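>
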Amino acid sequence: MALPLFPPESDPGPDFVGLLRQAGGGAAPRAETGSSTPLAAAPHATTVVALRYADGVIMAGDRRATMGNIIAHRGMEKVFQADRHSAVAIAGSAGMAVEMVRLFQVQLEHYEKVEGTVLSLEGKANQLAQMVRQHLPLAMQGLAVVPLFAGYDTARGIGRIFSYDATGGHYEDTDFQATGSGGRDARSTIKLGFREGLSRDEAVDLAIQSLYEAADEDSATGGPDLVRGIYPLIAVVDIEGYRLVPEEEVAERFAALIARMQAERAR
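Residue numbering for the sequence shown is 214 to 480, as defined by the numbering used here.
(1) What is the residue span of the beta strand (DSSP E) that L264 lies within?
(2) Does the distance from the C-beta atom of M289 to that of A363 stay below 8 Å?
(3) Suppose the cutoff is 6 Å on Cβ atoms and the five residues either side in sequence are ignored; what does the same chain contact list for L341 look like?
(4) In angstroms with no decimal places, state the Cα-to-Cα distance between Y324 and D431.
(5) Can you give me the C-alpha to C-alpha distance between R478 and D429, rounded to a whole angstrom?
(6) Does DSSP classify R456 as helix, strand or coil?
(7) To the nearest whole angstrom, what separates the beta carbons of A267 and L411, a pair I think is in contact under 8 Å?
(8) According to DSSP, Y384 sits in a beta bridge with which residue or residues?
(9) For the beta strand (DSSP E) that A433 lies in, which residues bound it at each end?
(10) By the three-class DSSP mapping on this structure, what secondary structure does H323 have?
(11) Return the CA-CA distance between R408 and A472, expressed in angstroms with no decimal places.
(12) Count the other C-beta atoms from every protein chain shown that fall within 10 angstroms of the C-beta of K337, then say buried if there are 16 or more, exposed otherwise.
(13) Cα separation between G329 and D438?
(14) Measuring straight from C-alpha to C-alpha, what distance separates I371 and S333?
(15) The ligand FAD heavy atoms versus the CB of L316: any closer than 7 Å?
(16) Where do the N-terminal and C-terminal ends of the alpha helix (DSSP H) with Q294 fall, by residue?
(17) To the nearest angstrom, report how far apart R483 and D418 are at their CA atoms.
(18) Quick one: any contact between the stretch 304-321 and the stretch 449-458, if contact means 3 or more CB pairs under 8 Å?
(19) In angstroms, rounded to a whole number, what distance separates the CA positions of V440 and K326?
(20) Could you give the DSSP three-state label for V359: helix, strand or coil?
(21) Assuming I374 and V270 form a contact by the criterion Cβ under 8 Å, report the distance between their Cβ atoms to the nearest whole angstrom.
(22) Starting from S274 and walking both ways along the beta strand (DSSP E), at which residues does that stretch end?
(23) What separation, rounded to the nearest whole angstrom, lies between the Cα atoms of G406 and I452?
(24) Express the C-alpha separation of I284 and Q320 in angstroms, rounding to a whole number.
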């Protein structure tokens, strides 16, 4: 299959969404801005967190998706690899968010192939902001997508975190951030336990505790499901790249947290 050719004035370059539009393949779905008819209820992802540690960033998300007062999914994945040195986590309309992440992943790969170099971490954050902004008409109808983006900045040698609002505004957070329905409780827990230079294990434990406390206060956030063996997803991004913390390790750390809390309550 031959690649399409464009005149210089309309060449989309490394913009994959622009390439789709130029080639007639469409892009992310759009809603009519003048429509007042609410869209049908859809599953929503809830709580995700990100925090820096000495060698990079930790990103974590619970596994529950809700639809009103109904648990729509118990094992949803909310943390994704964006590229080798970055990760994105989703809150908001679940289906729309997952599609946005897939498009974002392709956009980063497309840019690297066209330009022959990796986009900077700020550039990746800007690309995701544009996608969130293009989604605004649907967000106004109740299908908002509010991601978290984090990665290891190979130029600076540090982990960095970016948060977003439904209009596409994005902001760099110095040390940690959480979003979703349980974001406030998760953020408060991290704030109390955060310090500069956390080790990888300390940061994973703090992320686990933040999700546990969020689930204790917010019914839409799922805690560890010991019966089904479902635990939050936790990812590490450092100079070696993106990788998930093994589920067995997450289960052990949750068990240790619960044991500590039971021991404190028994005193």
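Note that beta-carbon positions come from the ideal geometry of N, C-alpha and C, so glycine has one too.
This one's a predicted model, so the numbers in the text were calculated from it and none came from an experiment.
Taking the structure as given:
(1) Counted from its first residue, the sequence shown places residue 264 at position 51. First-last of the beta strand (DSSP E) with L264: 261-266.
(2) Sequence index remark: in the sequence shown, residue 289 carries index 76 (1-based). Sequence index remark: in the sequence shown, residue 363 carries index 150 (1-based). Result no, Cβ atoms of M289 and A363 do not sit closer than 8 Å.
(3) One-based indexing of the sequence shown puts residue 341 at position 128. F317, F362.
(4) Along the sequence shown, one-based indexing puts residue 324 at 111. Along the sequence shown, one-based indexing puts residue 431 at 218. In a straight line, the C-alpha of Y324 is about 39 Å away from that of D431.
(5) Against the sequence shown, residue 478 aligns to sequence position 265. Against the sequence shown, residue 429 aligns to sequence position 216. C-alpha separation (whole angstroms): 16 Å.
(6) What you label residue 456 is simply residue 243 of the sequence shown in a count that begins at 1. R456 falls in the strand class under three-state DSSP.
(7) In the sequence shown, counting from the first residue as 1, residue 267 sits at position 54. In the sequence shown, counting from the first residue as 1, residue 411 sits at position 198. By a beta-carbon distance limit of 8 Å, A267 contacts L411. Their separation comes to about 6 Å.
(8) If you number the sequence shown from 1, residue 384 lands on position 171. Paired residue(s): S376.
(9) To locate residue 433, count along the sequence shown from 1; it is residue 220. A433 -> no beta strand (DSSP E), and no H or E assigned at all.
(10) Residue numbering aside, residue 323 sits at position 110 when the sequence shown is read from its first letter. Of the three classes helix, strand and coil, the one that applies to H323 here is helix, per DSSP.
(11) Position 195 of the sequence shown, counting from 1, holds the residue named residue 408. Position 259 of the sequence shown, counting from 1, holds the residue named residue 472. The straight-line gap from Cα to Cα measures roughly 24 Å.
(12) If you number the sequence shown from 1, residue 337 lands on position 124. Classification of K337: buried, given that the 10 Å Cβ count is 16 or more.
(13) Stepping through the sequence shown from its first residue, residue 329 is reached at position 116. Stepping through the sequence shown from its first residue, residue 438 is reached at position 225. Distance between the alpha carbons of G329 and D438: 44 Å.
(14) By 1-based counting over the sequence shown, the position of residue 371 is 158. By 1-based counting over the sequence shown, the position of residue 333 is 120. About 13 Å.
(15) Judged by which ligands are present, the structure shown has none, so any question about the ligand FAD falls away.
(16) The count along the sequence shown starts at 1 and reaches residue 294 at position 81. Membership of Q294 in any alpha helix (DSSP H) is not indicated; the residue belongs instead to the beta strand (DSSP E) covering 292-296.
(17) Absent from the model: residue 483. The displayed extent of the chain is 214 to 480, so no value can be given.
(18) no
(19) Position 227 of the sequence shown, counted from the start, is the residue given in the question as residue 440. Position 113 of the sequence shown, counted from the start, is the residue given in the question as residue 326. Going from the Cα of V440 to the Cα of K326 covers about 45 Å.
(20) Locating residue 359 in the sequence shown gives position 146, counting from the first residue. V359 falls in the coil class under three-state DSSP.
(21) In the sequence shown, counting from the first residue as 1, residue 374 sits at position 161. In the sequence shown, counting from the first residue as 1, residue 270 sits at position 57. I374 to V270, Cβ: 6 Å. Contact.
(22) Working through the sequence shown from its first residue, we reach residue 274 at position 61. Rather than Ser, the amino acid found at residue 274 in this sequence is Gly. Segment 269-274, the beta strand (DSSP E) holding G274.
(23) The residue labelled residue 406 in the question sits at position 193 within the sequence shown. The residue labelled residue 452 in the question sits at position 239 within the sequence shown. Rounded to whole angstroms, G406 to I452 spans 24 Å at the Cα level.
(24) Taking the first residue of the sequence shown as position 1, residue 320 is located at position 107. Taking the first residue of the sequence shown as position 1, residue 284 is located at position 71. For Q320 and I284, the distance between alpha carbons rounds to 32 Å.
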